Amino acid sequence: MPEEKGRKESKAGYQNMGIDELVEALKADVKNGLSAADIGKRVNNYGYNEVPEEKTNPYLNFAKKFWGPTAWMLEAVIVLSLILGNYPDVYVIVALLLLNAVLGFFQEQRASGAVDALKQKLRVNARTLRDGKWQMIPARELVPGDIVRIRAGDFVPADVKVLDGQLDVDQSALTGESLTVSKEKSDMLFSGSIIKSGESDALVVLTGNKTYFGKTTELVQFARPRLHSEKVISRIVTWLLVIVGVALAVAFVVSALVGIKLLTIVPLALVLLASSIPVALPAMFTITMAIGSMDLARRGVLVTRLSAAEDAATMDTLCSDKTGTITMNKLSVAGIIPMNGLGETDVLMYGALASEEANHDPIDLAFISAASDRNVLIEGFTRKSFIPFDPKTRRTGAVVERGKKTFNVVKGAVNIIADLVDADVNALNLQTSEYASKGYRTLAVAMGEDDKSLKIVGLVALYDIPRPDAKKLIGELKALGISVKMLTGDALPIAKETARQVGLSDAITTSKEFEKALETDPDKASEIAQKSDGFAEIYPHDKYSIVRSLQRQGCIVGMTGDGINDAPSLKQAEVGIAVSSATDVAKGAASVVLTGDGLGNIVDLVRVGRMIHQRTLTWIFNKVVKTFQIVVFVVVAFLLTGQFIVSVFDVVLLLFVIDFVTLSISTDNVRGSMKPDTWDLSGIVKSSLILGVLVVLESLAILFIGLGPLGLAKDSASIQTFAFAILFYFGMLTVFVVRERGHFWNSFPSKSLFSITLLDMIAVAFLLTVGIPGLKPLPIVDTLTIVGMSVFFCFAVNDFIKYFMLKPKNEKS
1176 MPEEKGRKES KAGYQNMGID ELVEALKADV KNGLSAADIG KRVNNYGYNE
1226 VPEEKTNPYL NFAKKFWGPT AWMLEAVIVL SLILGNYPDV YVIVALLLLN
1276 AVLGFFQEQR ASGAVDALKQ KLRVNARTLR DGKWQMIPAR ELVPGDIVRI
1326 RAGDFVPADV KVLDGQLDVD QSALTGESLT VSKEKSDMLF SGSIIKSGES
1376 DALVVLTGNK TYFGKTTELV QFARPRLHSE KVISRIVTWL LVIVGVALAV
1426 AFVVSALVGI KLLTIVPLAL VLLASSIPVA LPAMFTITMA IGSMDLARRG
1476 VLVTRLSAAE DAATMDTLCS DKTGTITMNK LSVAGIIPMN GLGETDVLMY
1526 GALASEEANH DPIDLAFISA ASDRNVLIEG FTRKSFIPFD PKTRRTGAVV
1576 ERGKKTFNVV KGAVNIIADL VDADVNALNL QTSEYASKGY RTLAVAMGED
1626 DKSLKIVGLV ALYDIPRPDA KKLIGELKAL GISVKMLTGD ALPIAKETAR
1676 QVGLSDAITT SKEFEKALET DPDKASEIAQ KSDGFAEIYP HDKYSIVRSL
1726 QRQGCIVGMT GDGINDAPSL KQAEVGIAVS SATDVAKGAA SVVLTGDGLG
1776 NIVDLVRVGR MIHQRTLTWI FNKVVKTFQI VVFVVVAFLL TGQFIVSVFD
1826 VVLLLFVIDF VTLSISTDNV RGSMKPDTWD LSGIVKSSLI LGVLVVLESL
1876 AILFIGLGPL GLAKDSASIQ TFAFAILFYF GMLTVFVVRE RGHFWNSFPS
1926 KSLFSITLLD MIAVAFLLTV GIPGLKPLPI VDTLTIVGMS VFFCFAVNDF
1976 IKYFMLKPKN EKS
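For the sequence shown, my numbering puts the final residue at 1988, and the numbers step up evenly by one.
(1) Using a 10 Å radius around the Cβ and a threshold of 16 neighbouring Cβ atoms, would you call His1716 buried or exposed?
(2) Distance, Cα to Cα, Ala1742 vs Gly1729?
(3) Can the beta-carbon of Ala1748 be found less than 8 Å from the beta-carbon of Ile1721?
(4) Three or more C-beta pairs under 8 Å: does that hold for the segment 1480 to 1499 against the segment 1644 to 1663?
(5) Quick check: the segment 1357 to 1372 against the segment 1409 to 1418, are at least 3 beta-carbon pairs closer than 8 Å?
(6) Distance, Cα to Cα, Pro1924 vs Asp1681?
(7) How is Cys1494 classed by DSSP in three states: helix, strand or coil?
(8) Does the contact criterion of 3 or more C-beta pairs under 8 Å hold for the segment 1606 to 1620 versus the segment 1630 to 1643?
(9) Gln1818 and Ser1893: beta carbons closer than 8 Å?
(10) Starting from the C-beta of Ala1527, find all residues in its chain whose C-beta is less than 6 Å away, skip the five residues before and the five after it, and write them out in chain order.
(11) Can you tell me whether Trp1242 is buried or exposed, with buried defined as 16 or more other CB within 10 angstroms of its CB?
(12) Do you know whose CA, among Phe1237, Thr1791 and Phe1970, lies nearest Leu1869's CA?
(13) When you compare each of Ile1669, Ser1361 and Leu1815 to Glu1712 by their alpha carbons, which one comes out closest?
(14) Which term fits Lys1525, buried or exposed, when burial requires 16 or more other beta carbons within 10 angstroms of its beta carbon?
(15) For Ile1731, which option in Lys1926, Asp1376 and Ala1484 has the closest C-alpha, if you only look at C-alpha atoms?
(16) Do the CB positions of Val1778 and Glu1651 come within less than 8 Å of each other?
(17) DSSP on Asp1195, reduced to helix/strand/coil?
(18) Hey, how far is the Cα of Gly1193 from the Cα of Ala1203?
(19) Under a three-way DSSP split, which group does Pro1643 fall into?
(20) Taking the straight line between their C-alpha atoms, what separation do you get for Ser1357 and Gly1383?
(21) Write down the C-beta distance between Gly1307 and Gly1340 rounded to the nearest angstrom, noting that I regard them as a contact closer than 8 Å.
(22) If you count every other CB in all the chains shown that lies within 10 Å of the CB of Trp1794, and 16 or more means buried, which is it?
(23) Going straight from the alpha carbon of Asp1852 to that of Ser1482, what length do you get?
(24) Would you report the Cα separation of Ile1859 and Ile1820, rounded to the nearest angstrom?
(25) Less than 8 Å between the C-beta atoms of Thr1479 and Ser1766, yes or no?
(26) Report the three-state DSSP secondary structure of Ile1322 (helix, strand or coil).
(27) Whole angstroms is fine: what's the gap from Lys1718's alpha carbon to Tyr1978's?
(28) Determine, for Leu1637, whether the minimum Cβ-Cβ distance to residues of chain C falls below 8 Å.
(29) Pop quiz: Val1379 and Asp1321 are said to be a contact at Cβ under 8 Å. What is the actual Cβ separation, rounded to whole angstroms?
(30) What are the boundary residues of the alpha helix (DSSP H) that includes Ser1744?
(31) How many angstroms separate the CA atom of Asn1733 from the CA atom of Gly1678?
(32) Pull the bridge partners of Ser1141 from the DSSP assignment, please.
(33) Using the DSSP secondary-structure output, state which residues sit across from Gln1341 in a beta bridge.
(34) Taking the C-alpha atoms as reference points, what is the distance between Gly1288 and Leu1540?
(35) Using CA atoms only, rank isn't needed, just tell me which of Glu1316, Met1363, Ile1501 and Asp1345 is closest to Ile1649.
(36) What distance in whole Å lies between the Cβ atoms of Tyr1387 and Asp1334, which are believed to be in contact at a cut-off of 8 Å?
Laid out in structure tokens, this is it:
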């Protein structure tokens, strides 16, 4: 893969080249820097030190809204209506088509600005040597061959080769490693790293999207999450068209057998096609997810891509970055081994005295924090001098005074302190073997009257402590049927120990093992990804590949993270979750941002997402039942009576008074599933068809009451109004049957759903009584007959059949 090749080139190729060889290859001048003439040529050759953005035309995006299953169905009805001369129908359906396009367009405009955030991150200034003078220039203008000066606190502006000195570098935003890394002459530094200590000249090697950081940016641009709402809409349209197609085929065959002209069936085809269009479904997805998103915002979860809230319902796998997500990204004391007759308190006291809080060094802060937590007092001591950490000496030290007594304290790597005090390093390492097996970093603390009389007072093990809520969260997610996988750049022992502490198994796979499988057998790599509880020693591209491998297995993947290194996988995952402390890059790539500390809100995200799914499912269930009812009812009535009992106008009106009114389902009180939801549309359709058959038989029974006892047989206009009323009241009341998996009385609908539905039924009853163009007035007795019989059939018959039909499924869940 191109990005993988580029990453290996930057890490391995230039890392292995000597400084002189690289200077010659890039035609650089270490003493004077590049000239103005060189800069212009190199900008033309390499481009600016930024990531080019691929922009899309908004007008083209809007035009695409008129291309797709729902749009095609509406356009087909428009064409047929024009052929038949039904111009009023054309105007109404064109309005529906425009409404559908506008809703879809504005939903897509909520796309995240991940690439913009990444480009802003690159826009820093750099101290650069040009024409023999040091000058501050925008990092955007750097080119390969430039000489830059980097020091503590700087962002590394490009991939550079260290020319001199030693540095302590924080690469956690790129690799996920929680500990700083020492760099020296001839080592590579990668764009996006942060210099913690030291100072050095460096040679710019790679810029823009050629850098390690730039490759991460490219992955964010190319990452494309799968939008399940689009797939669901397409499949629903397909099923509805199948229902219409079968009904029309039956109508054509029967008409041919009884001698009805085939041209007579064309208006029937128009009616059935119009009835099957789920024109309000995109709006249902958008409104339901928007309301759910507002609910989540109140719980500390900000949804930046609407579909993510619904995707959380189907999420069955959560990949979580370790550093800063499962852990605190903060070193803490894991254990203390006192020596030479001293206690743990003494070890912490001397270690804290050899630390400086103002430097914000993570190791220093760990000692100071541990001393404070254990009430170790160091206020009575006066520090006369302090020596900060230096990669050359790998230790810190201080001269401390208390009263009239002065002494020295030092802390640092075990082997360094052992050499300093002339101790047996093997014996010291043996005492720390248990900590080493867990991947903890162990330091030695020493004190003495002067440097020559130093003696070791103890050994201290440090580790990145898990968040307090991590274990509880993982347990709750497992109870909800979600597999949790930890992703980290740390070594395997650290990964296994962290996994043990937060309730995951030790089935941790290394980056090398996964990459090897990915190169030789992608299917095997996907299986490894699915069976593992975590991955260690991984790089940004590995996270992205792991997410895609899980998706290859059919998993719906969530990904949590906080660093630049997480951005591609956050963008690729169906549910990308950035924690509150995440970088702007990670937040821009994610579809969900947690605004509070910790990860507990992910459980809220899943539960609210499953409620959103249930609401959408209710609308779809009702839509399929209603479509089946209209299609079969109209076809059977036509074959039995030879009349079209509803018109295209009636069907379009039903879209407004049922489909759009029942969007209030988006506020309904529902119970979410205790396991990941799936879009089992075939199961939904089967259940809908069984219920649809009942509704059709019941609708025909009411129709024949209208044709017989109520005496409407001789008035075709009245029959159409009567049939419209049957379809409307069944469509509205069926909502209350399908919204509850148990009996309809087991839960009360939301106030919005109940009141809007009630008002809609009253308003339509009024219209039926007074009449409107296209609907002839009906006697109030006829309307009350339809309402009464619809209530009886829906709640006394259909609800019980639905309950026993879904009972086996409810018992399993």
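Think of the CB as a built atom: it goes at the ideal place given N, C-alpha and C, for glycine as much as any other residue.
All values derive from a computational prediction rather than experimental measurement.
Concretely, from the data shown:
(1) buried
(2) Here the alpha carbon of Ala1742 sits roughly 22 Å from the alpha carbon of Gly1729.
(3) no
(4) yes
(5) no
(6) 46 Å
(7) strand
(8) Judged by Cβ distances under 8 Å, the segment 1606 to 1620 makes contact with the segment 1630 to 1643, as three or more pairs qualify.
(9) no
(10) Sequence-distant partners of Ala1527 (beyond 5 residues in either direction) whose C-beta falls short of 6 Å from its own C-beta, in its chain, are Phe1542, Ile1543, Ala1546 and Ile1553.
(11) exposed
(12) Phe1970
(13) Glu1712 has its Cα closest to that of Ile1669, out of Ile1669, Ser1361 and Leu1815.
(14) Before going further, note that residue 1525 is Tyr rather than Lys in the sequence given. Classification for Tyr1525: buried.
(15) Ala1484
(16) Pairing Val1778 with Glu1651 gives a Cβ-Cβ distance under 8 Å.
(17) helix
(18) 14 Å
(19) Pro1643: coil per DSSP, three-state reduction.
(20) 25 Å
(21) Not really, about 21 Å apart at Cβ, beyond 8 Å.
(22) buried
(23) The alpha-carbon atoms of Asp1852 and Ser1482 are separated by roughly 15 Å.
(24) Ile1859 and Ile1820: Cα-Cα distance of roughly 28 Å.
(25) Their beta carbons are under 8 Å apart, which means Thr1479 touches Ser1766 by this criterion.
(26) Residue state for Ile1322 is assigned as strand, using DSSP reduced to three classes.
(27) 44 Å
(28) In the displayed structure, chain C is absent; only one protein chain is listed.
(29) 4 Å
(30) Boundaries of the alpha helix (DSSP H) harbouring Ser1744: Ala1742 to Gln1747, taken from the DSSP string.
(31) The question names Asn, but residue 1733 in the sequence shown is Gly. Gly1733 and Gly1678: Cα-Cα distance of roughly 19 Å.
(32) In the structure as shown, the chain begins at 1176 and stops at 1988. Residue 1141 is therefore absent and cannot be evaluated.
(33) Glu1359
(34) Here the model assigns Gly1288 a pLDDT of 40, short of 50, so the residue's position is not dependable, and the following value carries that caveat. Answer to the nearest angstrom: the Cα atoms are 35 Å apart.
(35) Ile1501
(36) 6 Å
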